[in-house]
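Using my numbering, you'd call the opening residue of the sequence shown number 3 and step up by one each time.
We treat Cβ as the ideally placed atom computed from N, Cα and C, and that holds for glycine.
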Amino acid sequence: MEARQISHHVFFILLAATVRSQVNPEMCRYPLGMTGGQIEDEDISASSQWSESTAARFGRLDLDNGDGDGAWCPDIMSEPDGLKEYLQVDLRSLHFITLVGTQGRHADGMGNEFAQRYRIKYSRDGSNWVGWHDRKGRQVIEGNRNAYDVVLKDLEPPIIARFVRFMPVTDHSMIVCMRVELYGCEWLDGLVSYSIPDGHQMIYRGLDVYFNDSVYDGASAERLTKGLGQLTDGTWGLDDFLHSHIYSMWPGYDYVGWSNKSFPKGYVETIFEFDHVRNFTSMKVHCNNMFSRGARMFRQASCYFRSGSDWEADPVIFRPTVDRQNQGARFITVPLGDRTASAIKCRFHFSDLWMLFSEVAFQSGSAVYNTSLTPRKSGHPTNTLPGDDPTHKVDDSNTRILIGCLVAIIAILLAIIVIILWRQVWQKMLEKASRRILDDELTARLAVQTRAFSSHHSSLSSEEGGSTSNSTYERIFPLCADYQEPSRLIRKLPEFAQSTEHLGPSTSCRALATSGSDGAPHYAEADIISLQESMDSSTYSITAVSMNLFAGTDSSMREFPRHKLTFKEKLGEGQFGEVHLCEAEGMQDFLDESIEGNNESPLLVAVKTLREDANKNARNDFLKEIRIMSRLRDPNIVRLLAVCVDTDPLCMITEYMENGDLNQFLCSLRLKEAADEDKAEEEEKEGNSMASYSKLIGMAVQIASGMKYLSSLNFVHRDLATRNCLVGKNHTIKIADFGMSRNLYRGDYYRIQGRAVLPIRWMSWESILLGKFTMASDVWAFGVTLWEILTLCKEQPYSQLSDEQVIENTGEFFRDQGKQVYLPKPPCCPDGVYNDLMLSCWRRNAKQRPSFHDIHTQLMESLA
Ligand code: ADP
Numbered sequence: 003m004e005a006r007q008i009s010h011h012v013f014f015i016l017l018a019a020t021v022r023s024q025v026n027p028e029m030c031r032y033p034l035g036m037t038g039g040q041i042e043d044e045d046i047s048a049s050s051q052w053s054e055s056t057a058a059r060f061g062r063l064d065l066d067n068g069d070g071d072g073a074w075c076p077d078i079m080s081e082p083d084g085l086k087e088y089l090q091v092d093l094r095s096l097h098f099i100t101l102v103g104t105q106g107r108h109a110d111g112m113g114n115e116f117a118q119r120y121r122i123k124y125s126r127d128g129s130n131w132v133g134w135h136d137r138k139g140r141q142v143i144e145g146n147r148n149a150y151d152v153v154l155k156d157l158e159p160p161i162i163a164r165f166v167r168f169m170p171v172t173d174h175s176m177i178v179c180m181r182v183e184l185y186g187c188e189w190l191d192g193l194v195s196y197s198i199p200d201g202h203q204m205i206y207r208g209l210d211v212y213f214n215d216s217v218y219d220g221a222s223a224e225r226l227t228k229g230l231g232q233l234t235d236g237t238w239g240l241d242d243f244l245h246s247h248i249y250s251m252w253p254g255y256d257y258v259g260w261s262n263k264s265f266p267k268g269y270v271e272t273i274f275e276f277d278h279v280r281n282f283t284s285m286k287v288h289c290n291n292m293f294s295r296g297a298r299m300f301r302q303a304s305c306y307f308r309s310g311s312d313w314e315a316d317p318v319i320f321r322p323t324v325d326r327q328n329q330g331a332r333f334i335t336v337p338l339g340d341r342t343a344s345a346i347k348c349r350f351h352f353s354d355l356w357m358l359f360s361e362v363a364f365q366s367g368s369a370v371y372n373t374s375l376t377p378r379k380s381g382h383p384t385n386t387l388p389g390d391d392p393t394h395k396v397d398d399s400n401t402r403i404l405i406g407c408l409v410a411i412i413a414i415l416l417a418i419i420v421i422i423l424w425r426q427v428w429q430k431m432l433e434k435a436s437r438r439i440l441d442d443e444l445t446a447r448l449a450v451q452t453r454a455f456s457s458h459h460s461s462l463s464s465e466e467g468g469s470t471s472n473s474t475y476e477r478i479f480p481l482c483a484d485y486q487e488p489s490r491l492i493r494k495l496p497e498f499a500q501s502t503e504h505l506g507p508s509t510s511c512r513a514l515a516t517s518g519s520d521g522a523p524h525y526a527e528a529d530i531i532s533l534q535e536s537m538d539s540s541t542y543s544i545t546a547v548s549m550n551l552f553a554g555t556d557s558s559m560r561e562f563p564r565h566k567l568t569f570k571e572k573l574g575e576g577q578f579g580e581v582h583l584c585e586a587e588g589m590q591d592f593l594d595e596s597i598e599g600n601n602e603s604p605l606l607v608a609v610k611t612l613r614e615d616a617n618k619n620a621r622n623d624f625l626k627e628i629r630i631m632s633r634l635r636d637p638n639i640v641r642l643l644a645v646c647v648d649t650d651p652l653c654m655i656t657e658y659m660e661n662g663d664l665n666q667f668l669c670s671l672r673l674k675e676a677a678d679e680d681k682a683e684e685e686e687k688e689g690n691s692m693a694s695y696s697k698l699i700g701m702a703v704q705i706a707s708g709m710k711y712l713s714s715l716n717f718v719h720r721d722l723a724t725r726n727c728l729v730g731k732n733h734t735i736k737i738a739d740f741g742m743s744r745n746l747y748r749g750d751y752y753r754i755q756g757r758a759v760l761p762i763r764w765m766s767w768e769s770i771l772l773g774k775f776t777m778a779s780d781v782w783a784f785g786v787t788l789w790e791i792l793t794l795c796k797e798q799p800y801s802q803l804s805d806e807q808v809i810e811n812t813g814e815f816f817r818d819q820g821k822q823v824y825l826p827k828p829p830c831c832p833d834g835v836y837n838d839l840m841l842s843c844w845r846r847n848a849k850q851r852p853s854f855h856d857i858h859t860q861l862m863e864s865l866a
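Here you go:
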């Protein structure tokens, strides 16, 4: 919520508070002191007690301590109807009570007694007792269902009393125990009873309208005496007396009213008795004024005063201006001229056929009243918890309400501070998680399980020395702190937008970019790559012998005589420099083996050369890529044949892949319909640019196979994509690019503050948000790669989303509220492959993603 809105609301809270009445049933809900202790032990009594340890004084709600047994429990209930046993609270003065709370005896699990039902009786003077009932006449209140929960019940109507009795009701003789609390506020009015003629019945257009005082708690005859009722229940009637706020009540329910015809003298006489002699300032009477239906405010009030036994002769007479325009109900204030009295007799003179009152209130001495009482509440009362501060028993001034509001404002501010702090802690946790992985020193270590490795590569095993370590190959993007949370990242985007316009999504086959033309730091130069040892593999704990690829030179990769390389043509341009097709004279002899499927001599090879102006970081990364590749040997991993590193420029010599990278290769193809598969095969053989679905899946199988190999070494590639796979003869696919150099496909990468560029459209949510790269995040990237293959790389993943939106989408994956966007099913992709394979690669929970072994098997099966 905005600050302006908050201040707006606070203003209205303050405004509302200042115009509230003294007795506003909605506000008047303070605990009166059973729990808080403001009610003394001596003011709590009972009809009987089971034992001294269950005496009345132990009947305090929420208190379960002291020398007692945890509640008040009466003697065995001989009269189960709730008429004999009671727990009595003396509030010492009149209170307006709106809510009661009850609880059973728990006693730390020792007790299990509670009152399922109970009645309430109350008294203002301690001798006349009234049984409370609701507006429909029901006296029994549903109580507790267990020994520990507090059950709160709104008293509708509220009661004005000094003494209150809780009377448990049981179906049979049994022990019941109770703890109780009363909620309300002090009744400053001082009115102990009013006496009025009982209300009349109106027949309005065939409708019975009853104006009786239905909640009057005194004696009811023709005249009501010694009680209080609707005129002091703190609520007032609607403009239209036929309607009531209270559901299912009869027409006229809100008002007490009289017909002019029954009063030959033309007035209704009311008598108000007070607790003691007071100095009266004014009286406010809430009147109906619906003159179109015959009801109108009084035209004159004559009030007589009595301090002793006799009424004083000189009345205060007040004649309000009778409103003949506005039919709205209203309070009329009758000034009482600071007269002293303990009783007031007022005669209200009719000005029409009917006179209807819903509320009467008095101002006397220090008891200050506001005119605004609350309208009758609609529906069922709410069981909101009352205010916490039991000292706020007296709701006698706006100051107290203002203090309450200030406390509320402070509470709101504290809540806002807590939320802000909580957010910061959350961010820090994310940063921590990320930094655990991100190594600023960019160390590059690689360790593998000797046994697993040597079974594939016996030639390597003897060369490795060894510290024991459980290791995982992993490459790490060092990210700045901003790279933790999408929103923070996105806030930075205007800066990027200026410097990296070229990063926008492409929707067609991407064009070759020129090397280093943007002058921005390259991926490798920006210290992007490192290999990090993972300590998280108990599988290797005993037999594992690690080998550190980067400790010392790697004797497995031999230096090839540079002069034996003959330049043929430029194949492409990478992050490190150019890649050339060369003839390597005597390579077969040099390797002492023939290259799979290639017996030509001189052998055609690809030579990747490090730019001469490359900085130290780029040089290190180049060497790292050499070290990594020298350890990998698999039919679906591009093979490093030899190196030229004794002199500059540094070169790596790899097997030549005739058809270049998979992205460009696929981009130039068209998909053949399934029906034409055979034809497509033939056309492919002829070099035609057609591809069949099965051929595409065949490519994916090869990539899965290569990844399966890498995962067997716990090697995390971190940048799997079609652009990083190469295509040889007969659609052989090999995974390449272990150095993460990018230039050609820079649009696929997202630059973080000019420091790191990231393939966000291929990255899992946890890689983006937490900097966490695992085999499971490679699986995620494989899903995207499969999608690229099946769409023939005709568009970039999420091409309709900007980089910022892709990162926002990552946030949705993190939040997992069903708002994340998935790549759509490629047209040629069967439902099964999309639902069971592709989508499973993008599961939020990394553990639920399939392994490359599973993926490989699944793809093989889908081919069968
Ligand atoms: P970078 O990853 O820095 O972009 P690469 O190693 O991918 O650099 O090489 C750039 C381009 O050179 C590739 O996109 C590909 O077209 C070509 N290329 C690289 N290695 C070979 C290879 N072994 N055989 C054929 N072409 C290659």
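Own chain, CB closer than 6 Å to residue i, minus 5 neighbours either side, in chain order
i      : result
Pro852 : Ser842
Val396 : Because Val396 carries a pLDDT of 38, less than 50, the predicted location of this residue cannot be relied on, and the following value inherits that uncertainty. Around Val396: Glu188.
Gly268 : His351, Phe352
Cys653 : Val609, Thr611, Cys646
Gln203 : Tyr212
Ile319 : Ser304
C-beta atoms of residue i and residue j nearer than 8 Å
i      : j      : result
Tyr206 : Ser360 : no
Leu230 : Ser197 : no
Ser284 : Thr335 : yes
Thr724 : Thr787 : yes
Phe1   : Asp354 : Because the chain is modelled from 3 through 866, residue 1 falls outside the range shown and cannot be assessed.
Leu722 : Trp764 : yes
Ala321 : Arg301 : The sequence shown places Arg at residue 321, rather than the Ala named in the question. Yes, these two residues count as a Cβ contact at 8 Å.
Ser691 : Leu664 : no
Thr100 : Tyr218 : no
Ile735 : Ile699 : no
Val647 : Ile655 : no
Ala343 : Glu275 : no
Gly406 : Trp356 : no
Ser246 : Tyr255 : yes
Asp92  : Phe165 : yes
Pro659 : Leu728 : Before going further, note that residue 659 is Met rather than Pro in the sequence given. Yes, Cβ-Cβ distance for Met659 and Leu728 is below 8 Å.
Asp191 : Phe364 : yes
Phe854 : Val781 : yes
Cys669 : Lys796 : yes
Ile162 : Leu96  : yes
Ile628 : Tyr711 : no
Sequence-distant residues of its chain with Cβ nearer than 7 Å to residue i (five each side left out)
i      : result
Leu47  : Sequence inspection shows Ser at residue 47; the Leu mentioned does not correspond to that position. Cβ neighbours of Ser47 beyond the five flanking positions: Ala58, Gln90.
Cys830 : Leu673, Tyr695, Leu792
Gly330 : Asp241, Asn291
Ala149 : Gly106, Arg107, His108, Gly113, Asn114, Glu115, Phe116
Asp43  : Arg59
Sequence-distant residues of its chain with Cβ nearer than 8 Å to residue i (five each side left out)
i      : result
Thr37  : Arg62, Leu63, Asp64, Leu65, Glu183, Pro392
Val142 : Gly84, Arg119, Tyr120, Arg121, Val171
Ile8   : Unreliable positioning characterises Ile8 in this predicted model, as indicated by a pLDDT of 43, which lies under 50. The coordinate reading is nonetheless provided below. Cβ neighbours of Ile8 beyond the five flanking positions: Ile414.
### Message
Below 8 Å, how does it come out for the segment 575–586 and the segment 610–619: are there three or more Cβ pairs, yes or no?
### Response
yes
### Message
Taking contact to mean 3 or more Cβ pairs, one atom from each stretch, closer than 8 Å, check whether the segment 298–311 and the segment 219–239 are in contact.
### Response
no
### Query
Should the segment 154–164 be called in touch with the segment 121–138, which here means at least 3 C-beta pairs below 8 Å?
yes
### Task
Enumerate, from N- to C-terminal direction, the unbroken beta strand (DSSP E) stretches of 3 or more residues contained entirely within the segment 218–301.
225–229, 258–261, 269–289
#### Entry: Runs of alpha helix (DSSP H) lying entirely within the segment 113–184, each at least 4 residues, in chain order
none
### Task
Mind listing, in chain order, the continuous alpha helix (DSSP H) runs of no fewer than 4 residues lying wholly within the segment 787–831?
805–817
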